[in-house]
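Line by line, the protein sequences are chains Y and G.
Start counting at 1 in the first sequence, then tack on 457, and there's your number in my numbering.
Start counting at 1 in the second sequence, then tack on 457, and there's your number in my numbering.
Glycine is no exception: its CB is placed at the ideal position from the N, C-alpha and C atoms.
On a predicted model such as this, the values are computed, not experimentally measured, just so you know.
Some notes on the structure that comes next.
There are 2 protein chains.
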Amino acid sequence: MEGFNLELSDQPESLEQILVDCRDTLKYGVRTGHPRFFNQLSSGLDIIGLAGEWLTSTANTNMFTYEIAPVFVLMEQLTLKKMREMIGWPDGEGDGLFSPGGAISNMYSVMIARYKYFPEVKTKGMSAAPRLVLFTSEHSHYSIKKAGAALGFGSENNAMDLYDKLLHIFVFADLEAKILDAKQKGYVPLFVNATAGSTVYGAFDPINEIADICEKYNLWLHVDGAWGGGLLMSRKHRHKLSGVERADSVTWNPHKMMGVPLQCSAILVREKGILAGCNSMCAGYLFQPDKQYDVTYDTGDKAIQCGRHVDIFKFWLMWKAKGTIGFEQHIDKCLDLSQYLYNKIKNREGYEMVFDGVPQHTNVCFWYIPPSLRGMPDGPERQEKLHRVAPKIKAMMMESGTTMVGYQPQGNKVNFFRMVVSNPAATQSDIDFLIEEMERLGQDL
Amino acid sequence: MEGFNLELSDQPESLEQILVDCRDTLKYGVRTGHPRFFNQLSSGLDIIGLAGEWLTSTANTNMFTYEIAPVFVLMEQLTLKKMREMIGWPDGEGDGLFSPGGAISNMYSVMIARYKYFPEVKTKGMSAAPRLVLFTSEHSHYSIKKAGAALGFGSENNAMDLYDKLLHIFVFADLEAKILDAKQKGYVPLFVNATAGSTVYGAFDPINEIADICEKYNLWLHVDGAWGGGLLMSRKHRHKLSGVERADSVTWNPHKMMGVPLQCSAILVREKGILAGCNSMCAGYLFQPDKQYDVTYDTGDKAIQCGRHVDIFKFWLMWKAKGTIGFEQHIDKCLDLSQYLYNKIKNREGYEMVFDGVPQHTNVCFWYIPPSLRGMPDGPERQEKLHRVAPKIKAMMMESGTTMVGYQPQGNKVNFFRMVVSNPAATQSDIDFLIEEMERLGQDL
Numbered sequence: 458m459e460g461f462n463l464e465l466s467d468q469p470e471s472l473e474q475i476l477v478d479c480r481d482t483l484k485y486g487v488r489t490g491h492p493r494f495f496n497q498l499s500s501g502l503d504i505i506g507l508a509g510e511w512l513t514s515t516a517n518t519n520m521f522t523y524e525i526a527p528v529f530v531l532m533e534q535l536t537l538k539k540m541r542e543m544i545g546w547p548d549g550e551g552d553g554l555f556s557p558g559g560a561i562s563n564m565y566s567v568m569i570a571r572y573k574y575f576p577e578v579k580t581k582g583m584s585a586a587p588r589l590v591l592f593t594s595e596h597s598h599y600s601i602k603k604a605g606a607a608l609g610f611g612s613e614n615n616a617m618d619l620y621d622k623l624l625h626i627f628v629f630a631d632l633e634a635k636i637l638d639a640k641q642k643g644y645v646p647l648f649v650n651a652t653a654g655s656t657v658y659g660a661f662d663p664i665n666e667i668a669d670i671c672e673k674y675n676l677w678l679h680v681d682g683a684w685g686g687g688l689l690m691s692r693k694h695r696h697k698l699s700g701v702e703r704a705d706s707v708t709w710n711p712h713k714m715m716g717v718p719l720q721c722s723a724i725l726v727r728e729k730g731i732l733a734g735c736n737s738m739c740a741g742y743l744f745q746p747d748k749q750y751d752v753t754y755d756t757g758d759k760a761i762q763c764g765r766h767v768d769i770f771k772f773w774l775m776w777k778a779k780g781t782i783g784f785e786q787h788i789d790k791c792l793d794l795s796q797y798l799y800n801k802i803k804n805r806e807g808y809e810m811v812f813d814g815v816p817q818h819t820n821v822c823f824w825y826i827p828p829s830l831r832g833m834p835d836g837p838e839r840q841e842k843l844h845r846v847a848p849k850i851k852a853m854m855m856e857s858g859t860t861m862v863g864y865q866p867q868g869n870k871v872n873f874f875r876m877v878v879s880n881p882a883a884t885q886s887d888i889d890f891l892i893e894e895m896e897r898l899g900q901d902l
Numbered sequence: 458m459e460g461f462n463l464e465l466s467d468q469p470e471s472l473e474q475i476l477v478d479c480r481d482t483l484k485y486g487v488r489t490g491h492p493r494f495f496n497q498l499s500s501g502l503d504i505i506g507l508a509g510e511w512l513t514s515t516a517n518t519n520m521f522t523y524e525i526a527p528v529f530v531l532m533e534q535l536t537l538k539k540m541r542e543m544i545g546w547p548d549g550e551g552d553g554l555f556s557p558g559g560a561i562s563n564m565y566s567v568m569i570a571r572y573k574y575f576p577e578v579k580t581k582g583m584s585a586a587p588r589l590v591l592f593t594s595e596h597s598h599y600s601i602k603k604a605g606a607a608l609g610f611g612s613e614n615n616a617m618d619l620y621d622k623l624l625h626i627f628v629f630a631d632l633e634a635k636i637l638d639a640k641q642k643g644y645v646p647l648f649v650n651a652t653a654g655s656t657v658y659g660a661f662d663p664i665n666e667i668a669d670i671c672e673k674y675n676l677w678l679h680v681d682g683a684w685g686g687g688l689l690m691s692r693k694h695r696h697k698l699s700g701v702e703r704a705d706s707v708t709w710n711p712h713k714m715m716g717v718p719l720q721c722s723a724i725l726v727r728e729k730g731i732l733a734g735c736n737s738m739c740a741g742y743l744f745q746p747d748k749q750y751d752v753t754y755d756t757g758d759k760a761i762q763c764g765r766h767v768d769i770f771k772f773w774l775m776w777k778a779k780g781t782i783g784f785e786q787h788i789d790k791c792l793d794l795s796q797y798l799y800n801k802i803k804n805r806e807g808y809e810m811v812f813d814g815v816p817q818h819t820n821v822c823f824w825y826i827p828p829s830l831r832g833m834p835d836g837p838e839r840q841e842k843l844h845r846v847a848p849k850i851k852a853m854m855m856e857s858g859t860t861m862v863g864y865q866p867q868g869n870k871v872n873f874f875r876m877v878v879s880n881p882a883a884t885q886s887d888i889d890f891l892i893e894e895m896e897r898l899g900q901d902l
């Protein structure tokens with residue numbers, strides 16, 4: 458705040474000052490495109506994608522009607538179809554939208570599931586339905602819980618308590634028991650979320666096993682592939698999403714694993730027409746039925762938004778420029794880099810892995826153990842000290858401005874680092890640097 | 458679709474082809490920045506705003522945490538405070554967020570109102586609350602109804618039927634009667650939306666009168682100023698929002714009347730902390746409490762989104778470059794242009810105004826009556842013919858590529874044109890052109 462006057466005033470600033478402000482904004486910002494920025498699932502800066510975003514801003518239009526975004530609407534339609542083909546739905550049939558991020562895409566999935574089984578909730582409210590339950594694993598993204606709270610299911614009690622401890626690895630055995638338990642308590646199971654690439658561990662739920670249960674009990678199956686969906690582009694890794702073609706809906710964020718600039722998230726639905734059924738309000742001033750073109754091209758009434766930002770063009774342009782094989786190469790390379798990191802640290806002195814086995818996605822979760830803690834027997838004291846290591850190292854990383862990696866606790870596990878790689882600019886030397894930097898900053902803690 | 462290969466394939470395209478694709482995208486697009494594009498509430502292309510959006514794409518970051526968007530988070534905080542000062546809340550205190558459009562901002566207002574009066578719905582679902590009712594006028598934006606459907610209130614029956622015919626001009630007398638009626642039927646009134654600048658007519662609900670009723674019955678007052686909020690910047694026109702300082706929440710879209718590139722919409726709330734209370738889920742992997750900075754700067758847990766696009770910078774930069782007086786001049790000029798159009802056509806042969814009196818916003822609603830209908834007595838036949846005039850003229854406008862204006866029916870009124878002016882590039886000669894063009898295209902209908 459010092460040395461950068463952010464205050465807004467009545468009088469205009471000079472153009473020179475505006476340029477200074479632009480420079481300062483970049484100067485004090487964080488370089489998310491830097492190959493040593495590992496802090497988020499989204500990183501990197503694809504130049505074609507950036508050009509696409511610049512063109513999008515210049516066109517400055519809105520996705521709600523074909524009449525003011527004809528090219529973008531067609532691109533969206535075609536790209537969503539292509540994504541549905543990759544999911545494996547017959548002929549790529551179905552529906553979809555680009556939405557403002559994975560949390561909203563996941564919220565759509567819950568809304569659509571509710572509309573499918575209890576369409577009268579749209580007009581009559583939740584009191585028209587029995588007490589519905591959503592199932593998701595403890596490791597799933599918090600947006601499922603958030604959707605439950607927002608849409609009137611409640612984030613606890615009638616939903617969450619029942620599945621709060623559902624770990625992805627036990628999902629088959631546990632899920633059916635939990636469904637039966639919910640039914641027995643008078644709840645109506647509605648929806649199961651299978652995570653394809655969990656946020657912290659990068660774990661993939663066993664979709665086929667979950668799909669079997671969903672079929673048996675007639676439940677909506679959503680696959681949250683916000684982070685892992687990109688792996689569908691890779692012949693080597695797409696098996697991790699086996700069964701995704703059995704899902705009723707899928708979230709897939711090209712702005713994460715595929716390096717598309719923020720924001721670019723798709724909600725894909727197998728049943729055609731259900732998005733519009735769920736959300737349409739037929740506003741006369743936007744969606745006139747007597748337009749001179751086929752108004753089924755107007756997408757606005759499918760959305761919970763009215764105006765909708767053009768998120769498709771940068772993605773479409775990157776796909777054109779790279780081809781599917783370009784995305785595949787990028788994904789394979791990122792997973793190789795993670796494997797490289799995993800191999801380097803799994804037996805290295807001063808590192809402990811958070812979970813056993815090879816990471817399924819690019820997530821490598823580990824504790825760095827400073828020399829002072831290495832001889833200490835495990836117990837509350839060591840855990841307490843270890844809990845403070847990652848925040849301290851991260852603070853030093855940020856102060857030196859050399860790299861950035863995320864950390865968090867999880868369940869009864871104290872703060873650990875989560876490394877993720879999605880930046881096309883990252884190389885093995887950046888991974889090497891990270892390890893050196895971790896040790897440089899952490900050695901005296 | 459002819460002559461523009463939109464298909465995506467496995468192999469990459471050449472850079473030359475990518476440039477051709479970019480040119481074609483702009484060529485077949487719609488010039489929303491053209492001074493004769495009057496089709497939407499958002500139009501124009503502010504060059505500083507565009508530069509801001511380009512810088513934003515280059516920074517490619519995310520609003521959820523201070524650590525990766527420190528400058529943007531501070532700018533957002535400061536700009537929201539400035540907006541709250543203009544609303545008139547003491548010291549600009551309160552809360553807020555930029556959200557992906559006015560529909561989502563309005564959805565926030567309903568969620569927050571519910572959380573204020575029935576916080577247990579967040580965890581226990583709608584079954585923990587009585588049957589709640591939302592009140593809004595027939596002329597309000599459909600997003601209130603959409604929010605009702607999504608959040609589990611229902612769009613009809615327990616909400617909408619009760620206020621479906623509430624016209625803004627009768628709101629004082631009617632609203633209280635409808636509240637009492639709802640209570641008598643066993644519903645619990647929760648929320649009243651007052652529209653500041655309705656989508657079609659540009660009408661302003663009498664906020665003070667509505668606020669009196671809300672106070673009397675202890676209801677949440679939301680002001681949807683998506684379209685009209687900008688008038689707060691004008692000393693001449695801000696009286697149209699008198700009483701807005703009594704609102705509990707306000708939607709205000711700088712991407713509409715203030716010419717900020719899409720998207721830029723704010724939800725502003727008078728009570729501090731309630732946004733986080735309503736939406737937080739405290740995801741450990743993003744919002745660690747032991748970061749090395751004051752984590753109240755992290756905005757992510759206030760939102761229903763997880764990732765959130767940076768919508769603030771272009772707006773902040775425009776405000777710096779124009780000053781408040783620059784926005785004021787823009788708004789005053791647009792309203793003058795509308796007045797100019799209104800004066801030109803109100804008594805002109807071949808035009809009928811849809812509502813009496815001077816427009817309150819830039820919306821001028823009218824029928825163009827082709828010569829063939831001018832002598833015809835009013836009745837179903839004339840109405841039916843008149844209903845087809847606007848779509849035909851609009852189709853011809855789009856085919857000749859000269860101008861674009863929206864039309865719609867409303868209630869028992871057949872299709873009429875809605876002219877709106879928000880483009881800083883529009884001048885009187887563009888208004889003159891519109892009239893000539895209307896008559897050129899419509900004379901033989």
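Note to self: Is there a C-beta anywhere in chain Y that falls below 8 angstroms from the one on residue 583 of chain G?
What the structure shows: Yes, contact with chain Y.
Check: Whose C-alpha, out of Y:713, Y:593, Y:760 and Y:571, is nearest the C-alpha of residue 585 of chain Y?
Finding: Taking residue 585 of chain Y as reference, the option from Y:713, Y:593, Y:760 and Y:571 with the minimal CA-CA separation is Y:571.
Item checked: Neighbour flag for residue 822 of chain Y against chain G, beta carbons, 8 angstroms -> Answer no: the Cβ-Cβ gap between residue 822 of chain Y and chain G never drops below 8 angstroms.
Next item on the list: Consider the Cβ of residue 606 of chain G: report whether some Cβ of chain Y lies at a distance smaller than 8 angstroms.
Entry: Using a CB distance cut-off of 8 angstroms, residue 606 of chain G counts as an interface residue toward chain Y.
Notebook entry, point to check: Is residue 795 of chain Y close to chain G, meaning its C-beta is less than 8 angstroms from at least one C-beta of that chain?
Noted result: Look at residue 795 of chain Y: its C-beta is not under 8 angstroms from any C-beta on chain G.
Margin query: Against residue 557 of chain G, what residues of chain Y qualify as contacts under a CB-to-CB distance less than 9 angstroms, listed in chain order?
Written below: Here the neighbours are 556, 557, 558, 561, 720, 762, 764, 765 and 766.
Notebook entry, point to check: Are the C-beta atoms of residue 620 of chain G and some chain Y residue less than 8 angstroms apart?
Noted result: Bear in mind that the predicted position of residue 620 of chain G carries a pLDDT of just 41, short of 50, making it unreliable; the figure below should be weighed with that in mind. Residue 620 of chain G does not count as touching chain Y.
Next item on the list: Inspect the CB distances between the segment 476-483 of chain G and the segment 808-828 of chain Y and report whether three or more fall short of 8 angstroms.
Entry: Contact between the segment 476-483 of chain G and the segment 808-828 of chain Y is absent, with fewer than three C-beta pairs closer than 8 angstroms.
Notebook entry, point to check: Which residues, in chain order, does the segment 857-884 of chain G contribute to contact with chain Y at a C-beta distance below 9 angstroms?
Noted result: Closer than 9 angstroms at the C-beta level to chain Y, one finds these residues of the segment 857-884 of chain G: 861, 863, 864, 865, 866, 867, 872 and 875.
Next item on the list: Pull out every residue of the segment 462-489 of chain G whose Cβ sits closer than 8 angstroms to any Cβ of chain Y, in chain order.
Entry: The residues in question are 463, 464, 465, 466, 467, 468, 469, 470, 472, 474, 475, 478, 479, 481, 482, 483, 485, 486, 487 and 489.
Check: Quick one, are the C-beta atoms of residue 562 of chain G and residue 708 of chain G less than 8 angstroms apart?
Finding: Going by C-beta atoms, residue 562 of chain G is nearer than 8 angstroms to residue 708 of chain G.
Check: Are the Cβ atoms of residue 690 of chain G and residue 785 of chain G separated by less than 8 angstroms?
Finding: Less than 8 angstroms separates the beta-carbon of residue 690 of chain G from that of residue 785 of chain G.
Next item on the list: Assuming residue 607 of chain G and residue 564 of chain G form a contact by the criterion Cβ under 8 angstroms, report the distance between their Cβ atoms to the nearest whole angstrom.
Entry: Correct: roughly 7 angstroms between the Cβ atoms.
Check: For residue 772 of chain Y, which three-state DSSP category applies?
Finding: The answer is helix: DSSP assigns residue 772 of chain Y an H, G or I state.
Next item on the list: Report the neighbours of residue 691 of chain G on chain Y: residues whose CB is nearer than 7 angstroms to its CB, in chain order.
Entry: Taking the beta carbon of residue 691 of chain G as reference, no residue of chain Y falls within 7 angstroms; the closest one sits roughly 13 angstroms away.
Next item on the list: With DSSP collapsed to three states, give me the class of residue 892 of chain Y.
Entry: In the structure shown, residue 892 of chain Y sits in a helix (DSSP, three-state: H, G or I).
Note to self: Just to confirm, is the Cβ distance from residue 861 of chain G to residue 855 of chain G under 8 angstroms?
What the structure shows: It is a contact, given that the beta carbons lie within the stated cut-off.
Note to self: Taking the alpha helix (DSSP H) that residue 607 of chain G belongs to, which residues open and close that run?
What the structure shows: Where residue 607 of chain G is concerned, the enclosing alpha helix (DSSP H) stretches over 600-607.
Check: Buried or exposed: where does residue 833 of chain Y fall if 16 or more other Cβ atoms within 10 Å of its Cβ makes it buried?
Finding: With fewer than 16 Cβ atoms within 10 Å of its Cβ, residue 833 of chain Y is classed as exposed.
Next item on the list: Have a look at the DSSP bridge pairing and note the partners of residue 653 of chain Y.
Entry: Paired residue(s): Y:661.
Checklist line | Buried versus exposed, by CB contacts within 10 Å (16 or more), residue 881 of chain Y | finding: It counts as buried.
Next item on the list: With DSSP collapsed to three states, give me the class of residue 722 of chain Y.
Entry: Strand at residue 722 of chain Y.
Checklist line | Other residues of its chain near residue 873 of chain G: CB distance less than 7 angstroms, five sequence neighbours each side excluded | finding: Correct list, in chain order: 811, 822, 823, 824, 847 and 864.
Margin query: Short of 6 angstroms in beta carbon distance, which residues of its chain neighbour residue 625 of chain Y, apart from the five on each side in sequence? Order them along the chain.
Written below: Low per-residue confidence applies at residue 625 of chain Y: pLDDT is 37, beneath 50, and the placement is therefore not dependable, though the value from the model is reported in the following sentence. A distance below 6 angstroms between beta-carbons, with the five flanking residues on each side excluded, links residue 625 of chain Y to the following residues of its chain, in chain order: 594, 596, 660 and 662.
Item checked: Stretch pair the segment 758-772 of chain Y + the segment 504-524 of chain Y: three plus CB contacts closer than 8 angstroms -> Verdict: yes, contact present.
Item checked: Reference residue 522 of chain G, options G:645, G:485 and G:762, closest by Cα -> Comparing alpha-carbon positions, the option among G:645, G:485 and G:762 lying closest to residue 522 of chain G turns out to be G:762.
Next item on the list: With a 10 Å radius around its C-beta and 16 neighbouring C-beta atoms as the bar for buried, classify residue 548 of chain G as buried or exposed.
Entry: With fewer than 16 other Cβ atoms within 10 Å, it is exposed.
Check: Can you give the Cα-Cα distance for residue 462 of chain G and residue 542 of chain Y, rounded to whole angstroms?
Finding: Taking the straight line from one Cα to the other gives about 19 angstroms.
Next item on the list: Write down every uninterrupted run of the alpha helix (DSSP H) in the segment 750-821 of chain Y whose length is 4 residues or greater and which is fully enclosed by it, in chain order.
Entry: Taken in chain order, the whole alpha helix (DSSP H) runs of length 4 or more contained in the segment 750-821 of chain Y are 769-802.
Item checked: Beta-carbon proximity check, residue 493 of chain Y vs residue 890 of chain Y, cutoff 8 angstroms -> Result yes, Cβ atoms of residue 493 of chain Y and residue 890 of chain Y sit closer than 8 angstroms.
Next item on the list: Look at the Cβ atom of residue 643 of chain G, then the Cβ atom of residue 684 of chain G, and state whether they are nearer than 8 angstroms.
Entry: Inclusion of residue 643 of chain G and residue 684 of chain G in the CB contact set at 8 angstroms is not warranted, their separation being larger than that value.
Check: Alpha carbon to alpha carbon, how far is residue 776 of chain G from residue 465 of chain Y?
Finding: Whole-angstrom Cα-Cα distance: 7 angstroms.
Notebook entry, point to check: Residues of chain G with a CB under 8 angstroms from the CB of residue 602 of chain Y: which are they?
Noted result: The contacting residues are 738.
Checklist line | Residues, ordered as in the chain, of the segment 768-783 of chain Y that lie near chain G by beta-carbon distance below 8 angstroms | finding: If you check each beta-carbon in the segment 768-783 of chain Y against every beta-carbon of chain G, the ones closer than 8 angstroms belong to 770, 773, 774, 776, 777, 778, 779, 780, 781, 782 and 783.
Note to self: Here's the rule: buried if 16 or more other CB atoms are within 10 angstroms of the residue's CB, otherwise exposed. What is residue 467 of chain Y?
What the structure shows: So residue 467 of chain Y counts as exposed.
Margin query: Excluding the 5 residues flanking residue 657 of chain G on each side, which residues of the same chain have their C-beta closer than 8 angstroms to its C-beta?
Written below: In the same chain as residue 657 of chain G, and ignoring 5 residues on each side of it, the C-beta atoms closer than 8 angstroms to its own belong to 596, 820, 822, 865, 867 and 875, in chain order.
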